[in-house]
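The structure under discussion appears below in the form of structure tokens.
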Amino acid sequence: MRHPSLEIRKIAILTHPRLSEAINEVKQICAYLDDKGIQTRHGFINDADFHRQVKAGEFDALIALGGDGTMLRAGHLAGPINLPILGINLGRFGFLMEVRQAQWRDFIERLLAGDYWLEKRMTLTAEQWRAGEKLGSWFVLNEVAVSRGQIVRPIHLVTFVDGRFLTTYVADALLASTPTGSTAYALAAGGPILPPELRNILLVPVAPHLSLDRAIVLAEGSSVSIQVKTDHQAVFSVDGHVPIGLADDDRVDVRAGDHTVQFIRFQDPGYFYRNLTPHMGQNPSTSNSR
Numbered sequence: 142m143r144h145p146s147l148e149i150r151k152i153a154i155l156t157h158p159r160l161s162e163a164i165n166e167v168k169q170i171c172a173y174l175d176d177k178g179i180q181t182r183h184g185f186i187n188d189a190d191f192h193r194q195v196k197a198g199e200f201d202a203l204i205a206l207g208g209d210g211t212m213l214r215a216g217h218l219a220g221p222i223n224l225p226i227l228g229i230n231l232g233r234f235g236f237l238m239e240v241r242q243a244q245w246r247d248f249i250e251r252l253l254a255g256d257y258w259l260e261k262r263m264t265l266t267a268e269q270w271r272a273g274e275k276l277g278s279w280f281v282l283n284e285v286a287v288s289r290g291q292i293v294r295p296i297h298l299v300t301f302v303d304g305r306f307l308t309t310y311v312a313d314a315l316l317a318s319t320p321t322g323s324t325a326y327a328l329a330a331g332g333p334i335l336p337p338e339l340r341n342i343l344l345v346p347v348a349p350h351l352s353l354d355r356a357i358v359l360a361e362g363s364s365v366s367i368q369v370k371t372d373h374q375a376v377f378s379v380d381g382h383v384p385i386g387l388a389d390d391d392r393v394d395v396r397a398g399d400h401t402v403q404f405i406r407f408q409d410p411g412y413f414y415r416n417l418t419p420h421m422g423q424n425p426s427t428s429n430s431r
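Start counting the sequence shown at 142; every next residue gets the next number (the numbering used here).
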């Protein structure tokens with residue numbers, strides 16, 4: 142699928158500050174794009190000035206150079222402004238990444254020629270409520286995890302779907318995941334893998350004790366409310382970020398987000414199923430990875 146209407150003149154490049162090998166790669170990419178007449182701006186995930194420029198709409202595409210963690214950060218940055226993201230994998234797991242490190246020249250050439258398609262991924266909006274007051278709202282690409290804190294005791298999670306009582310989980314955590322997140326924490330917790338084009342919320346309990354122990358795929362458009370009942374520490378986390386404290390009776394509401402994250406793809410739409418087998422059993426943090 143071609144996108145000749147999307148003229149690319151300026152590209153932002155996002156990397157993680159601890160990825161020292163990315164610096165040389167960024168220099169090469171910037172030099173390559175400069176020869177093509179494309180302006181570039183490199184920034185780290187903690188670079189506030191870079192974030193402001195991206196959010197101001199100064200760029201036509203964003204390159205995420207690293208692993209899936211960098212791609213998630215790119216999604217948080219680019220998703221709310223519908224900025225397309227190209228992932229270049231630096232030898233990490235790369236479930237979300239599109240291009241291998243050694244291939245970027247060929248694929249950037251195709252990007253500039255309009256020879257690609259945009260894959261739109263569902264996001265979530267998560268809200269924390271306490272005594273009728275909304276304390277905050279968060280953009281979610283992978284999952285919301287409502288969980289116990291450092292004390293190793295389960296918490297009670299009173300769960301409603303579309304305002305109707307579902308069940309009370311007694312568990313270490315309950316995940317509300319997107320299809321993108323179904324290959325992340327939700328997969329590790331025993332949940333099913335959902336194809337990326339779906340727009341369903343996936344509920345997955347973590348270490349449930351004598352309570353509903355199966356993952357549930359909600360109907361498209363459904364929302365979920367999770368109320369915490371606990372006399373010890375409870376927290377929630379969005380996409381693996383720093384946990385936020387929850388008090389007894391706090392509620393976390395999760396629904397489909399107002400934005401989609403657009404990933405630039407060159408493979409045919411069947412790539413997701415074709416890549417599943419090579420990824421499974423190849424976690425780079427274990428000796429199974431080769």
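We put the CB at the ideal spot given by N, CA and C, even for glycine. Given the structure is predicted, the values throughout are model-derived calculations rather than measurements.
Quick one: what's got a C-beta closer than 8 Å to residue i's C-beta in the same chain, skipping five residues either side?
i	result
Thr-491	Any answer about residue 491 is impossible in this case: the structure gives the chain only from 142 up to 431.
His-373	Arg-289, Gly-290, Ile-292, Arg-294 and Ile-296
Ile-179	Ile-149, Arg-150, Lys-151, Ile-152 and Leu-253
Pro-333	Ser-323, Leu-343, Ala-356 and Val-358
Arg-251	Tyr-257 and Phe-407
Leaving out five residues before and five after residue i in sequence, what residues of the same chain have Cβ atoms less than 6 Å from its Cβ?
i	result
Asp-391	Arg-271 and Val-369
Val-404	It should be noted that the sequence gives Phe, not Val, for residue 404. Ile-226 and Glu-260.
Gly-398	Thr-264, Leu-265 and Thr-266
His-157	Ile-186, Gly-207 and Thr-211
Ser-378	Ala-286 and Pro-384
Ala-325	Asn-283
Which first and last residues belong to the beta strand (DSSP E) in which residue i is found?
i	result
His-514	No answer is possible for residue 514: it lies beyond the span of the chain, which begins at 142 and ends at 431.
Ser-364	Premise fails: Ser-364 is in no beta strand (DSSP E) and is neither H nor E.
Met-263	258-271
Ala-375	375-379
Residue i to residue j, Cα distance in whole Å?
i	j	result
Val-281	Leu-265	5 Å
Asn-165	Thr-309	51 Å
Val-240	Ile-249	9 Å
Val-89	Arg-396	Outside the displayed range of the chain (142 to 431) lies residue 89, so it cannot be described from this structure.
Gly-184	Leu-351	48 Å
Thr-319	Glu-268	16 Å
Val-393	His-192	27 Å
Ala-314	Ser-364	18 Å
Leu-298	Val-285	14 Å
Pro-349	Val-311	6 Å
Asn-416	Ala-360	26 Å
Asp-354	Leu-237	28 Å
Arg-246	Ala-375	47 Å
Ala-189	Val-167	19 Å
Arg-214	Gly-273	31 Å
Ile-222	Val-195	9 Å
Gly-381	Gly-411	28 Å
Return the first residue and the last residue of the alpha helix (DSSP H) that residue i is part of.
i	result
Gln-194	189-196
Ser-161	161-176
Gly-210	209-219
Asp-394	No alpha helix (DSSP H) contains Asp-394, which is instead part of the beta strand (DSSP E) from 392-406.
Ile-249	245-253
Leu-328	326-329
So, at 7 Å on beta carbons, what are the nonlocal neighbours of residue i in its own chain, with the 5 sequence-adjacent residues on each side left out?
i	result
Lys-177	Leu-253
Leu-307	Thr-300 and Phe-301
Pro-337	Glu-260, Arg-262, Pro-320, Thr-321 and Phe-413
Asp-303	Ser-363 and Ser-364
Leu-160	Gly-207 and Leu-231
Would you please state the rounded distance, in angstroms, between the beta carbons of residue i and residue j? I believe it to be under 8 Å.
i	j	result
Leu-203	Leu-231	No, Leu-203 and Leu-231 are not in contact; Cβ-Cβ is about 16 Å, not under 8 Å.
Leu-339	Ala-330	Leu-339 to Ala-330, Cβ: 18 Å. No contact.
Val-402	Gly-198	In fact, because the Cβ distance is near 16 Å, the residues do not count as touching under 8 Å.
His-400	Gly-220	5 Å
Gly-228	Ala-205	5 Å
Would you say residue i faces chain B, with C-beta separation under 8 Å as the test?
i	result
Val-167	No chain B is part of this structure, which consists of one protein chain only.
Counting pairs of beta carbons, one from the segment 376-393 and one from the segment 274-293, are three or more of them closer than 8 Å?
With the cut-off at 8 Å, the segment 376-393 and the segment 274-293 touch.
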